[in-house]
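Undergrad: Per the numbering used here: the sequence shown = residues 17 to 165.
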Amino acid sequence: MKYNIPGCSLFARVEGEGEPVILIHGFPLTHEMWEPQIKLLASSGYKVIAPDLRGFGDSLVEISEWTLDDFANDIIKLADNLNVQKFTVAGMSMGGYITFNLLDRFSGRISRAILVATKAQADDEQAKNRRNELIQTARTSGKTPVIEA
Numbered sequence: 017m018k019y020n021i022p023g024c025s026l027f028a029r030v031e032g033e034g035e036p037v038i039l040i041h042g043f044p045l046t047h048e049m050w051e052p053q054i055k056l057l058a059s060s061g062y063k064v065i066a067p068d069l070r071g072f073g074d075s076l077v078e079i080s081e082w083t084l085d086d087f088a089n090d091i092i093k094l095a096d097n098l099n100v101q102k103f104t105v106a107g108m109s110m111g112g113y114i115t116f117n118l119l120d121r122f123s124g125r126i127s128r129a130i131l132v133a134t135k136a137q138a139d140d141e142q143a144k145n146r147r148n149e150l151i152q153t154a155r156t157s158g159k160t161p162v163i164e165a
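(1) Would A28 be called buried (16 or more neighbouring beta carbons within 10 Å of its own) or exposed?
(2) Do you know how far the Cα of V37 is from the Cα of F103?
(3) Pull up the distance between the alpha-carbon of L57 and that of V64, whole angstroms please.
(4) Between K144, V30, P161 and G23, which has its C-alpha nearest W82's C-alpha?
(5) Which of helix, strand or coil does DSSP assign to E35?
(6) Between which two residues does the beta strand (DSSP E) containing M108 stretch?
(7) With a cut-off of 8 Å on the beta carbons, I'd call L131 and T115 a contact; round off their distance for me.
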């Protein structure tokens, strides 16, 4: 389902009922990376919310550049749209960076945090250059070559 938030039409898959868990995908993936976890958690009594971040998958954006603050704000606006006040958040890779941002800026909204294959410090120049190369590849050739890289 799509949710309209400032500057973005955010797609999110929502399944199950119970305590909310928001799953934040890594770069350059989509909510689909969480498929096994979505099924397991939803069948175990959790409300699972798995968005495609702005610029990924089925989410549409009005601008082409955004920050971690923008991604975190999107997660909060999505939670607000779903009437979710407090939630567990799990972030993988770039999703972990967003989770750190949420913990820093919206700690009162987070009941638990799960960090998967991520780090707390900023990328060095080499990592930034590599990510920018992957972005360019995705723009010119689609996501498949990036995922296989």
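Just so it is clear, CB atoms sit at the ideal spot from N, CA and C, and this is done for glycine as well. Quantities reported herein were computed from a predicted structural model and do not represent experimental measurements.
TA: This is what the structure gives:
(1) buried
(2) 6 Å
(3) 7 Å
(4) G23
(5) strand
(6) DSSP places M108 inside the beta strand (DSSP E), whose first and last residues are F103 to M108.
(7) 6 Å
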